[in-house]
Structure formats: structure tokens, C-alpha cells
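Residues in the sequence shown are numbered consecutively from 30, following my numbering. Don't be surprised by glycine CBs; every beta carbon is placed ideally from N, CA and C. It should be emphasised that the depicted structure is a prediction, and the values quoted were computed from it without experimental measurement. See structure below.
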Amino acid sequence: LSDDGTAASWNPAGLAQLRNAELSFVYGVNERGLLFTGERSPDDRFVFTNRDIEYATSSPDFASLALPFQVADRPVTFQLGWQRLYPLEGKLEGETVRVPVDPADGPPARISASDEFTGQIDLVSLSAAVRLTGRISLGGSLNTWRGKWTSRDTVAEPDGGAFGSAFTREQVRGHNFTGGLLLTFPAWNAGLVYHSPFFSDYERRTDVESSQAPPT
């Protein structure tokens with residue numbers, strides 16, 4: 030239907046149907062779980078016990094302000110919106126036991142693994158829509174993508190003192206355009222949306238530290 034303050038996320042032409050100013054806010058809570066089973070070393074010499082990991086995150090996901098008015102007797106709406114496309118937050122922490130398939134390869138060893146990541150990818154959009162006739166609306170959005178996140182991955186053998194750690198910083202900046210057409214009828218609506226190619230700059234830096242070699 031695409032007829033409220035979140036319309037620009039689906040079809041920006043739907044904003045032309047608004048008759049009053051509208052403020053939208055969405056907050057999300059996500060609970061996730063990962064179960065690692067059947068892990069083996071690349072050479073099949075070792076197997077690993079199962080790991081069961083659960084975590085929860087919560088954050089604002091969407092906010093917008095849409096302002097409708099009349100231009101030459103035609104309904105026109107402008108909207109400024111923000112959307113969290115990808116929340117990148119969580120901590121996966123657990124322990125497994127590395128068990129040799131051949132006892133000659135040594136005793137079982139505890140392995141602790143920790144993956145911490147934080148950040149997000151956001152979308153800021155400026156949208157406009159106009160109702161050309163009683164049944165045809167056109168709209169468009171200029172979208173700016175911004176993202177920045179970090180992650181730290183650590184694997185250690187508590188009993189043997191060996192460890193490896195990688196810290197990564199990443200960011201992305203880009204933009205694209207969305208155009209929309211909406212046909213409205215008493216019993217049904219039809220929409221057409223075009224997303225232009227996405228152009229961006231991406232940067233990544235990783236620092237690695239290990240008990241087997243000096244920091245790099």
C-alpha cells in the first residue's frame with residue numbers, strides 16, 4: 030500500500046498519499062542464536078565439540094518526518110528519513126574441545142573463541158512525491174549510505190598459552206537514487222520501483238597479533 034511515513038523505504042511515490050504531517054519511529058529488539066556442530070580441522074585430524082551461542086541486541090531502526098502540502102492544487106510531500114540498515118553489534122563467546130581422531134596426535138585441548146563486533150550501516154534519505162492525477166503518483170529519494178564497524182576475533186588455548194587475535198576496522202560511504210510510480214484504484218494498487226546502482230568508497234584495516242609471531 031505504501032501510504033504512511035515509512036513509504037520511502039518501499040516506494041517513495043506513496044508519500045503523495047499523506048494528508049497530514051507524520052513522524053515515524055521504529056525500535057527493534059533482536060534475539061539470535063548460533064549452534065556450531067560437526068566442526069573438523071582442514072586435515073581431518075581433529076574434531077571439535079559443539080558450541081551453542083545466544084545473544085540479544087536492541088536499537089532504533091527507523092525515524093522520519095514527512096510534511097505534505099499543496100503546490101498548484103497538487104498534493105506534494107517531502108520527507109527526511111533515517112534507517113539503520115544493518116545493526117552490527119554482538120559478542121559470540123564460547124569454548125570447545127579439540128579432540129584428536131588419532132590418540133597419537135596428543136590429548137584433547139580446550140579452545141576458547143571470542144568474536145566481538147560493534148557498529149552499523151545507516152541510510153539517510155531525502156524524498157519527495159507528487160500526486161499527478163487522482164490515480165497516479167510519482168516519487169524519488171536521494172540516499173546516502175554510511176557505515177562504520179569494528180570487529181575483534183580471538184582464538185586461544187588456555188592450557189597451552191597459544192593465542193591469535195585480529196582487530197578489524199571498516200567503513201563505507203556511498204549514494205544512490207530510488208524512483209517510484211504508484212497507481213491507486215478502489216480495489217487495488219500497483220507500484221513500480223527503480224533503484225539506481227550503488228556507488229561507494231570502502232576502507233578496511235586489520236591488525237593481527239599471535240603468540241606464534243610478532244604483531245603485524
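In terms of CA proximity to P187, S141 leads the group Q108, S141 and A37.
Per DSSP, reduced to three states, the secondary structure at G43 is helical. Spanning the alpha carbons of P104 and L161 requires a straight line of approximately 8 Å. For the pair P243 and A158, the CB atoms are not nearer than the 9 Å cut-off. Sequence-distant Cβ neighbours of W174 in its own chain, meaning closer than 6 Å and more than five residues away, are L152 and G203. Under a 10 Å Cβ-count criterion, T106 is classified as buried, with 16 or more other Cβ atoms of the shown protein chains found around its own Cβ.
In this structure the stretch 62 to 75 does not lie against the stretch 227 to 240, because fewer than three pairs of beta carbons, one per stretch, are closer than 8 Å. Taking 9 Å as the cut-off, the beta carbon of S229 is found no closer than this to the beta carbon of V184. Per DSSP, the beta bridge partners of N172 are S154 and N205. For P104, the uninterrupted beta strand (DSSP E) segment begins and ends at R103 to P116. The C-beta distance from D90 to Q112 rounds to 7 Å, short enough to meet the 8 Å contact threshold. Apart from sequence neighbours up to five positions away, the residues of its chain that approach E83 with a beta-carbon distance below 6 Å are G62, ordered along the chain. A Cβ-Cβ separation of about 27 Å leaves E118 out of contact with R139 under the 8 Å criterion. In the structure shown, P132 falls within a helical segment according to DSSP collapsed to helix, strand and coil. Rounded to the nearest angstrom, the Cβ distance from G208 to G220 is 11 Å, too far for a contact under 8 Å.
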